[in-house]
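To start, the structure under review is shown below, and the notes come after it.
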Amino acid sequence: MRQGPKISVVMPVYNEEKYIGEAIESILHQTFEDFEFIIINDGSTDRTKSIISSFSDARIKVLTQTNKGLTQSLNKGLSVSTGEYIARMDGNDISLPCRLQKQVEYLESHPRIGLVGAYYLNIDEKGTEFKTYRYATDDKEIRRILWTDCPFCHSLVIYRTQCITEVGDYRERIGPAEDYDLWFRISEKFLVANIPEPLHKVRVTVTGITLKNRINQIRAACLVRYLAQQRKDAGRDDLDQMKDEEIGMLLDSLLPKTKKNVRSVSYSTAFYLAEVLYCTHDYFGSFRHLVSAFCLNPFSVRALDLFGKILLCSILRERGSKFLKRVYRNLL
């Protein structure tokens with residue numbers, strides 16, 4: 000029987016001085032108060048450490064280490080957690096005050112659910128909301144989507160500690176899809192769900208999105224699905240037995256870094272950045288990325304549609320621009 004708090008909130012951070020204060024405050028101001036807040040300072044070189052130290056709440060437990068990366072930091076947090084539930088948090092996001100309470104209430108009333116997420120609001124670097132992101136909520140539908148996409152927001156999920164006991168920690172050898180891999184493994188033993196309302200704000204920072212990150216994430220996601228199919232067919236996967244070079248060869252077979260594949264990922268990355276900047280009213284920045292998208296795919300209907308919206312918004316006053324966006328959304 001656990002003697003600790005109901006929830007262990009685990010938040011690894013690295014050089015988040017710009018936003019970490021808001022992130023910490025959003026957890027400390029939760030309506031549900033029975034939690035420990037485990038912050039892993041992963042070798043930050045900016046003011047992150049001093050900002051964390053400025054908070055004196057007894058629920059905060061700070062672990063400081065040399066830079067080891069996200070996956071090792073997550074597992075470090077899990078290893079010292081004492082809660083019945085594990086809640087994730089990121090150092091540049093904001094949890095709405097009722098987040099933990101609603102997620103705990105959901106898990107308490109649905110004992111077969113092992114993991115639950117929710118909808119979230121996208122915010123820009125200034126904190127302005129510009130989009131509501133909705134996921135599938137039903138276990139059956141989530142399981143179907145898992146084979147093509149990640150149906151949870153990592154910094155918003157909460158899962159039973161029992162899930163980690165049964166399926167294991169985050170797996171570092173997966174690469175930048177360690178959360179996707181864990182969701183697959185949890186879903187193989189527990190039911191999963193999303194609460195159909197926004198409980199969190201996820202900050203989109205354009206400078207943090209790069210082609211190298213995207214293509215490595217996509218390749219890692221292919222590996223996750225390959226291993227999930229192995230477990231489905233044989234009851235286990237071969238990750239622990241594979242050498243690093245074998246994993247590299249497998250990644251190259253699943254999604255080789257050919258010019259065609261790199262071009263496709265480059266286009267989707269450029270278009271995504273253009274779309275984000277359009278939503279945050281940075282029409283010039285959006286246009287610059289859209290030009291890159293057109294160069295990679297001159298016949299893109301989506302890019303042409305976005306160009307038309309940018310053109311209209313850029314020549315109209317801000318008030319008229321917002322009105323046209325609202326009309327456009329209602330027509331969809």
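Heads up, the sequence shown is in numbering that gives the first Met the number 0, so the first residue is 0 and it goes up one at a time.
Each residue gets a CB set at the ideal place from its N, CA and C atoms; glycine is no exception.
query	result
Every unbroken alpha helix (DSSP H) within the segment 37-67, with a cutoff of 4 residues, ordered by chain	47-52
Residues that DSSP places opposite Asn-121 in a beta bridge	Lys-130 and Val-201
Spatial distance of Leu-295 from Arg-133 (CA atoms)	29 Å
Classification of Arg-262 by the beta-carbon crowding that lies within 10 angstroms, buried from 16 upward	exposed
Whole-number beta carbon distance between Ile-93 and Lys-256, since they are thought to touch under 8 Å	Wrong, their Cβ atoms sit about 36 Å apart, outside the cutoff.
N-terminal and C-terminal residue of the alpha helix (DSSP H) that Arg-159 is part of	Looking at the DSSP string, Arg-159 is not in any alpha helix (DSSP H); the run it does join, the beta strand (DSSP E), is 157-159.
CB of Glu-187 within 8 Å of CB of Arg-230, strictly	yes
Rounded separation between Ile-85 and Leu-77 - CA only	8 Å
Cβ-Cβ distance between Arg-170 and Glu-177 below 8 Å	yes
Endpoints, beta strand (DSSP E) assigned at Ala-86	84-87
Beta-carbon spacing of Lys-5, Phe-36 below 8 Å	no
Same chain only: Cβ atoms within 6 Å of Thr-279, ignoring 5 sequence neighbours per side	Asp-123 and Phe-129
Asp-41 and Asn-66 closer than 8 Å at C-beta	yes
Buried/exposed call for Leu-330, threshold 16 Cβ in 10 Å	With a pLDDT of 47 at Leu-330, under the threshold of 50, the modelled position of this residue cannot be trusted; read the value that follows with caution. Looking at its Cβ environment, which holds fewer than 16 other Cβ atoms inside 10 Å, Leu-330 is exposed.
Entirely enclosed alpha helix (DSSP H) segments - the segment 168-202, minimum 4 residues	177-186
Supposed close pair Ala-192, Ile-112 - CB separation, criterion 8 Å	5 Å
Sequence-distant residues of its chain with Cβ nearer than 8 Å to Tyr-105 (five each side left out)	Ile-112, Val-115, Ala-192 and Ile-194
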